[in-house]
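With the first letter of the sequence shown counted as 1, position 144 gets the number 143 in numbering that gives the first Met the number 0; the numbers rise by one all the way through. Structure, as structure tokens:
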Amino acid sequence: MMAINRLSPANELRVRKNIKRLALNLGDVIVRSDLCDFTFKNTTSLLKEIAKILSKSADSKDYFLTVSQGIFETNIVTSKNLQPFVEEIFKKEALINNVNDLASITIKLPKGNLDQSGIYYFILKQFAWANIAVQEVISTTHEMTIVVKERDVNETFAILMDLKLN
């Protein structure tokens, strides 16, 4: 908080202006529903099983799948129609958490997003103010995927479109 307070007003205005410019240049917004989320403890066997789910998801473009490996746990967000397959191949793994009835919104980020600090904060802050609990944030260089409960997807989408259009 102190670092923010030390920003000069000119710097703060420049950062806000640049973030707002980037927000206006957000690309496509893609919504997916009927998702589920699994979190497993990292093990050597888990990594071998992940290859199976990646192979299965390659069978159809209708599947949604993200795999994020952290230091201690691995998170898998997938289409509900892959849920039985995930439960079967990972049945011997240590399940930490499982959440159903999720939806995701993927935003295509502008090319300049890597050079601008605060873009993720600017977007996520809007959800906090709207009391939307973000379940997961998954990103690549030019995409940001926000996973929320299905009941919150309409409001989440409206907030993102408001950022994009205003």
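Ideal placement from N, C-alpha and C gives every residue a C-beta, glycine not left out. Values in this document were obtained by computation on a predicted structure and should not be read as measured data.
Closest Cα partner of residue i within the set the options
i    : options             : result
S138 : I49, V66, D114      : V66
S78  : L94, E87, S103      : S103
D36  : E48, Q68, N99, A157 : N99
I95  : V146, N41, I158     : N41
I70  : N97, E48, E86, T38  : T38
I145 : L46, L101, K47      : L101
I148 : G26, V76, K110      : Residue 148 is actually Lys in this sequence, not Ile. Cα-wise, what sits closest to K148 is V76.
D151 : N130, G26, L108     : N130
L162 : A50, L34, L108, Q68 : L108
Cα-Cα separation between residue i and residue j, rounded to whole angstroms
i    : j    : result
E142 : K91  : 33 Å
E154 : Q134 : 15 Å
T43  : F84  : 20 Å
Q125 : L81  : 31 Å
Y62  : S56  : 6 Å
S32  : A93  : 26 Å
E72  : F89  : 13 Å
I122 : S116 : 12 Å
M160 : S54  : 34 Å
W128 : S59  : 37 Å
K51  : Q68  : 15 Å
I158 : G111 : 21 Å
Beta-bridge partners of residue i, as assigned by DSSP
i    : result
S67  : N74
S103 : R31, V146
L113 : DSSP output for L113 lists no bridge partner at all.
K40  : E72
L94  : F39
Residue span of the alpha helix (DSSP H) that contains residue i, given as start and end
i    : result
L164 : 152-164
Y119 : 118-128
F84  : 82-88
A50  : 43-56
Range covered by the beta strand (DSSP E) that runs through residue i
i    : result
I137 : 133-139
The ligand ZN heavy atom lying under 7 Å from the CB of residue i
i    : result
A102 : This structure lacks the ligand ZN; in fact it carries no ligand of any kind.
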